[in-house]
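Read the structure below first, then the notes.
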Amino acid sequence: MLRLLLPLLLAGTTAWGECRLALALAVDVSRSIDAVDYGIQTEGMAAALEDAQVRAAIFSPAGEVALAVYFWSGSSHQDLVQDWVLLEGPEELDQVIWALRGAKRPEARLATALGAALVYGAGLMEAAPPCARRVLDVARDAAALLCEALQAMGDRHAVFGFSGAGRLQVDIGLVKDFGAP
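Heads up: take any position in the sequence shown, counting from 1, add 105, and you land on the numbering used here.
See below:
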């Protein structure tokens with residue numbers, strides 16, 4: 106999944122500072138995600154963050170990357186697994202990987218509330234370090250809920266585009282649909 110983000114990781118920095126990318130990873134832990142899919146998501150993300158190409162892109166001289174990870178499910182159930190951390194070296198990235206692998210899945214198996222997950226993610230983006238670009242990468246299995254999510258987001262942010270809010274713009278991309286072949 107993160108290999109799809111390599112172009113973002115390799116993008117250059119701007120005048121906003123040394124951080125070129127604030128990346129939040131949102132993990133679907135709703136009741137529609139079984140234990141196998143949960144393992145695919147969490148272990149897949151951890152393995153991607155260990156991948157030599159991804160690590161080289163993160164630690165490229167173009168600028169730093171900030172990373173946060175959260176679990177989401179029901180309308181009021183979002184759990185921050187890793188708060189924003191500036192990845193200044195391999196130690197910080199390894200800490201995120203450890204946090205992701207060590208995080209316990211919430212016991213409650215709640216409905217899939219993609220809109221609430223995006224609203225939470227947008228709030229997380231607003232609290233991100235000042236970076237040239239901000240990206241929310243959402244893993245989910247419910248493409249049918251995209252209309253509900255768009256309605257919940259309102260006009261503050263655009264999906265598959267830019268919000269037009271200048272420095273606080275947020276790109277929201279739905280990268281992996283676990284229900285697709």
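The beta-carbon is built from N, C-alpha and C at its ideal position, and this holds for glycine as well.
Considering only DSSP beta bridges, list what Trp203 is partnered with.
Against the sequence shown, residue 203 aligns to sequence position 98. Answer is none; Trp203 lacks a bridge partner.
Leaving aside the five residues before and after Asp184 along the sequence, list all residues of the same chain whose C-beta is less than 7 Å from its C-beta, in chain order.
Locating residue 184 in the sequence shown gives position 79, where the first residue counts as 1. Cβ neighbours of Asp184 beyond the five flanking positions: Tyr175, Phe176, Pro211.
Mind reading off the beta-carbon distance from Ala309 to Trp189? Whole number of angstroms is fine, and I expect it under 8 Å.
The structure shown does not extend to residue 309, since the chain spans only 106 to 286, so no value can be given for it.
Going by DSSP in three states, Glu196 sits in which element: helix, strand or coil?
Along the sequence shown, read from residue 1 onward, the residue named residue 196 stands at position 91. Helix, per DSSP.
Can you tell me whether Ser181 is buried or exposed? The criterion is at least 16 other CB atoms within 10 Å of its CB, across all chains shown.
Here residue 181 is taken as the residue at index 76 of the sequence shown, counted from 1. Exposed, by the Cβ-count rule.
Going by Cα to Cα distance, which pick from Met150, Gly149, Gly194 is closest to Ser165?
Taking the first residue of the sequence shown as position 1, residue 165 is located at position 60. Closest option to Ser165, Cα to Cα, is Gly194.
Assuming Leu205 and Thr147 make a contact with CB atoms under 8 Å, what is their CB distance in whole Å?
Along the sequence shown, one-based indexing puts residue 205 at 100. Along the sequence shown, one-based indexing puts residue 147 at 42. Their Cβ separation, rounded to whole angstroms, is 6 Å, which keeps Leu205 and Thr147 in contact under 8 Å.
Sorted by chain position, which residues of the same chain lie with C-beta nearer than 6 Å to Asp151's C-beta, five sequence neighbours on each side aside?
Position 46 of the sequence shown, counted from the start, is the residue given in the question as residue 151. The question names Asp, but residue 151 in the sequence shown is Ala. So the qualifying residues of the chain are Ile202, Leu205, Arg206.
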